[in-house]
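Quick note, the sequences are listed as chains A and B, same order.
Residue numbering for the first sequence follows my numbering, beginning at 1 and increasing consecutively.
Residue numbering for the second sequence follows my numbering, beginning at 1001 and increasing consecutively.
Take a look at the structure set out below.
Protein chains: 2
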Amino acid sequence: MALTFWYEFSSTYSYLSALRIEDAAKAAHVPVVWQPFLLGPIFKASGYGGSPNLMSKEKASYMWTDAARRADQRGHPFQRPLPFPQNSVLAARAAIALPPAKRPRFSKAIFAEVFANQRDIADPAVIVQAAATADLDAEAVLANGRSSEARAALFAAVEKAQERAIFGAPTFITSDHALFWGDDRLEDALAWEASGSQPDAR
Amino acid sequence: MALTFWYEFSSTYSYLSALRIEDAAKAAHVPVVWQPFLLGPIFKASGYGGSPNLMSKEKASYMWTDAARRADQRGHPFQRPLPFPQNSVLAARAAIALPPAKRPRFSKAIFAEVFANQRDIADPAVIVQAAATADLDAEAVLANGRSSEARAALFAAVEKAQERAIFGAPTFITSDHALFWGDDRLEDALAWEASGSQPDAR
């Protein structure tokens, strides 16, 4: 029994969830599986082809305002990433190659590089830096991220996401396959997983 | 000083907000101005051209699940509209032609026709029914909704929405022009309007 947290390193609202899911899940007594994946192939397969948050300049501009407000409310740092969206393939491969228990710490370090430090995670040096921040063997993290096993594992994760009808990130999937999309639904997803069904009136 | 509630009768999350904004605003001591508009022209002007909720079949399917869960949590009825999206032009003209004080009741009756009764609000008979439900002079509501004044007022509302950088519905705009998008941001918008700034940590 666990809630699966599907996240993408270039996703603004995935970042917001990554910073709070451990505390929220602990309070709800729900184990969480951190599952990195890529949105790019999913957006490409959709009717639109790109991020819906970048659909218009008005919507894109709002996303930055909204995310900054949310981060500020929670006392979390937030800077608009440069560049955006980022090429998150190498970071996602490095994360998926890690044992599950090491993913949260490394993933939070990667998210911090993107959304707090304005670094470009397409740069292998930034992956190494994040791994070091997470107290991991940085060169091994990079080497494993570049392996064919990591490439295959990430490809399989994207296929599984598509089978699960995931269309955005973050997405939370309960052990009975209920899907919740977006940082705003983290509490609902945890309550569902904790109780096995729809939470009561709020 | 008031919060402006921009809503579209064919918008699922506008319906969810319409059912709760009066109670929430009363609790926050914030007056609300009900401002009907149309999303169609705004989506047409955007890069994508349609509703982002219908961007892929996975996202569209999720929207129905999510909206039904939310309505259920709140004890509100919810049925998937037939047809969807609806042609909401006549209903929006009828709403905008009403004095502001009469808009909430009529608008909630229209929303109920769409999201509880599965009626098609493109049908003038449904507009008449909703006006009667709202204890209004139903024939006058329909006649005023068909007037050139109503047409011009709705056109002006859409132009104003575009000037305000509105890209979806519901949208809440504070008296100092802060924009909040989506039913999930109603509380933040009310708190901002009540205090004149960013709410404290939550």
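Glycine included, every Cβ here is placed at the ideal spot set by N, Cα and C.
Residue i CB to nearest chain A CB: under 9 Å?
i, result
"THR1004 of chain B", "no"
"ALA1045 of chain B", "yes"
"MET1055 of chain B", "yes"
"SER1061 of chain B", "yes"
"ASP1023 of chain B", "no"
"ARG1151 of chain B", "no"
"ARG1105 of chain B", "no"
"ASP1184 of chain B", "yes"
Consider the Cβ of residue i: report whether some Cβ of chain B lies at a distance smaller than 9 Å.
i, result
"GLY196 of chain A", "no"
"LEU19 of chain A", "no"
"ILE166 of chain A", "yes"
"PHE78 of chain A", "no"
"TRP181 of chain A", "yes"
"GLU58 of chain A", "yes"
"ASP176 of chain A", "no"
"PRO52 of chain A", "yes"
"ARG146 of chain A", "no"
"ARG69 of chain A", "yes"
"ALA201 of chain A", "The predicted model places ALA201 of chain A with a pLDDT of 46, which falls under 50 and marks its position as unreliable; any figure quoted below should be read in that light. Taking Cβ atoms only, chain B reaches closer than 9 Å to ALA201 of chain A, which makes this a yes."
"GLU193 of chain A", "no"
"ASP188 of chain A", "yes"
"ARG119 of chain A", "no"
Measure the alpha-carbon distance for residue i versus residue j and round it to whole angstroms.
i, j, result
"ALA132 of chain A", "ALA101 of chain A", "16 Å"
"ASP35 of chain A", "LEU1038 of chain B", "According to the sequence shown, residue 35 of chain A is Gln rather than Asp. Using only the alpha carbons, I get a separation of about 39 Å."
"VAL1089 of chain B", "ARG1105 of chain B", "18 Å"
"ASN117 of chain A", "ILE96 of chain A", "22 Å"
"ASP1123 of chain B", "ARG1070 of chain B", "28 Å"
"ALA194 of chain A", "TRP6 of chain A", "18 Å"
"PHE167 of chain A", "TYR15 of chain A", "17 Å"
"ALA91 of chain A", "ILE21 of chain A", "20 Å"
"GLU163 of chain A", "ASN1053 of chain B", "19 Å"
"ALA1178 of chain B", "THR1004 of chain B", "10 Å"
"ALA1018 of chain B", "GLU1008 of chain B", "10 Å"
"GLU1149 of chain B", "GLY196 of chain A", "53 Å"
"ILE127 of chain A", "PRO77 of chain A", "20 Å"
"LYS26 of chain A", "ALA109 of chain A", "20 Å"
"PHE1180 of chain B", "ALA1024 of chain B", "15 Å"
"ALA125 of chain A", "PHE111 of chain A", "15 Å"
"TRP192 of chain A", "ASP1072 of chain B", "14 Å"
"ARG206 of chain A", "SER1107 of chain B", "Residue 206 of chain A lies beyond the residue range present for chain A, which begins at 1 and ends at 202; the question has no answer from this structure."
"ALA1169 of chain B", "LEU1154 of chain B", "15 Å"
"GLU159 of chain A", "ILE173 of chain A", "15 Å"
"ALA1028 of chain B", "ARG1103 of chain B", "20 Å"
Cβ of residue i versus every heavy atom of the ligand ATP: is any distance shorter than 8 Å?
i, result
"ALA2 of chain A", "The ligand content of the structure shown is nil, which means the ligand ATP is not present either."
Pick from the options: whose alpha carbon is nearest that of residue i?
i, options, result
"ALA1040 of chain B", "B:GLU1113, B:GLN1086, B:ARG1020 and B:PHE1078", "What sits at residue 1040 of chain B in the sequence shown is Gly, not Ala. Closest option to GLY1040 of chain B, Cα to Cα, is B:GLN1086."
"ASP183 of chain A", "A:LEU54, A:THR171, A:HIS29 and A:MET55", "A:THR171"
"SER1175 of chain B", "B:LEU1190, B:ARG1185, B:ALA1165 and B:TRP1181", "B:LEU1190"
"PRO83 of chain A", "A:LYS59, A:GLU113 and A:GLY50", "A:GLU113"
"SER56 of chain A", "B:ALA1067, B:PHE1043, B:ASP1066 and B:MET1055", "B:PHE1043"
"PRO99 of chain A", "A:ASP137, A:HIS29 and A:PRO81", "A:ASP137"
"ALA1157 of chain B", "B:PHE1111, B:ALA1125 and B:ARG1093", "B:ARG1093"
"ARG80 of chain A", "A:ARG103, A:ASP120 and A:GLY50", "A:ASP120"
"ALA1068 of chain B", "B:ILE1173, B:GLU1058 and B:PHE1115", "B:PHE1115"
"ALA2 of chain A", "A:ASP23, A:VAL30 and A:THR65", "A:VAL30"
"SER1046 of chain B", "B:ALA1165, B:ALA1125, B:ASP1072 and B:ARG1185", "B:ALA1165"
"GLY50 of chain A", "A:SER10, A:LEU186 and A:ARG103", "A:SER10"
For residue i, count neighbouring C-beta atoms within 10 Å of its own C-beta (all shown protein chains included) and say buried if the count is 16 or more, exposed if not.
i, result
"ASP1188 of chain B", "buried"
"THR1213 of chain B", "Lying before the first or after the last residue shown, residue 1213 of chain B is absent from chain B, which here runs from 1001 to 1202."
"VAL33 of chain A", "exposed"
"GLY1145 of chain B", "buried"
"MET63 of chain A", "buried"
"GLN1129 of chain B", "buried"
"ALA1201 of chain B", "In this prediction, ALA1201 of chain B has a pLDDT of 45, which is less than 50 and means its spatial position is unreliable; nothing more can be read from the coordinates."
"ALA161 of chain A", "buried"
"SER147 of chain A", "exposed"
"SER1061 of chain B", "exposed"
"ASP135 of chain A", "exposed"
"ARG1074 of chain B", "exposed"
"LYS1059 of chain B", "buried"
"ALA140 of chain A", "exposed"
"ALA1152 of chain B", "exposed"
"ALA143 of chain A", "exposed"
Answer yes or no: does any C-beta atom of chain C fall closer than 9 Å to that of residue i?
i, result
"ASP66 of chain A", "Any reference to chain C falls outside this structure, whose protein chains are A and B."
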